[in-house]
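A.B. asks: Take the position in the sequence shown, starting the count at 1, then add 8; the result is the number in the numbering used here. Before we start, here is the structure in question, set down as structure tokens.
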Amino acid sequence: MPRITEPTDFPIKCRFCGQDLGTNKVSAGGHVRACKQNPNLEKTKATLAKNAHLRSQSKVTREKLSKIASEMIARGTWPFSYKDRRIYEYRGVKLHGSWELKYAQFLDRFDIKWERPKVAFPYQFRGLSKKYTPDFYLLESDKSKVTKPK
Ligand SMILES: [Zn+2]
């Protein structure tokens with residue numbers, strides 16, 4: 009089993025952009041794979057996307073991928089982080105990505121009142137505690153839920 013941290017005695021340089029990547033082989037490898045000047049970047053992105061959806065990952069693999077992802081996000085080299093998504097300021101609300109903006113505009117066009125949810129819903133998936141925060145909370149559909157039956 010390869011270890012997450014593989015320190016070397018010499019500083020590693022990215023062979024594509026020349027950036028100094030420190031002495032941790034694994035995190036340096038993370039940069040090289042996701043380097044904007046890496047000619048195989050599109051292929052790497054496709055592989056990462058595929059891996060992210062693998063459901064048969066062992067706990068060790070998941071933890072390893074999660075650690076690599078955290079390191080990449082911290083360095084700003086993770087290709088799917090919020091950092092890469094365009095932030096749209098719409099009616100004083102920050103929206104992540106054009107699909108959120110389009111949905112907000114759609115709701116407004118039909119005069120459906122919405123806000124950003126303030127609650128996250130906890131759930132269990134394969135024995136793990138997770139939280140889901142919806143993108144939009146529709147105020148009136150909630151109101152209709154408490155309407156008394158006739
Ligand atoms: Zn690079």
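Heads up, the beta-carbon is just placed ideally off N, CA and C, and yes, glycines get one too.
On a Cα-Cα basis, can you pick out the residue from 26, 131 and 109 that is closest to residue 123?
C.D. replies: Checking every option, the nearest Cα to that of residue 123 belongs to 109.
A.B. asks: Nearest-angstrom Cα distance between residue 146 and residue 116?
C.D. replies: Distance between the alpha carbons of residue 146 and residue 116: 11 Å.
A.B. asks: On the CB-based measure, 16 or more other CB atoms within 10 Å of its CB, does residue 94 come out buried or exposed?
C.D. replies: Classification for residue 94: exposed.
A.B. asks: Beta strand (DSSP E) containing residue 136: first to last residue?
C.D. replies: Segment 136-140, the beta strand (DSSP E) holding residue 136.
A.B. asks: To the nearest angstrom, how far is it from the Cα of residue 43 to the Cα of residue 118?
C.D. replies: Taking the straight line joining both Cα atoms gives about 43 Å.
A.B. asks: Locate the beta strand (DSSP E) running through residue 103, then write down its first and last residues.
C.D. replies: Residue 103 -> beta strand (DSSP E) spans 101-104.
A.B. asks: Taking the alpha carbon of residue 80 as the reference point, which residue from 51, 70 and 37 has its own alpha carbon closest?
C.D. replies: Cα-wise, what sits closest to residue 80 is 37.
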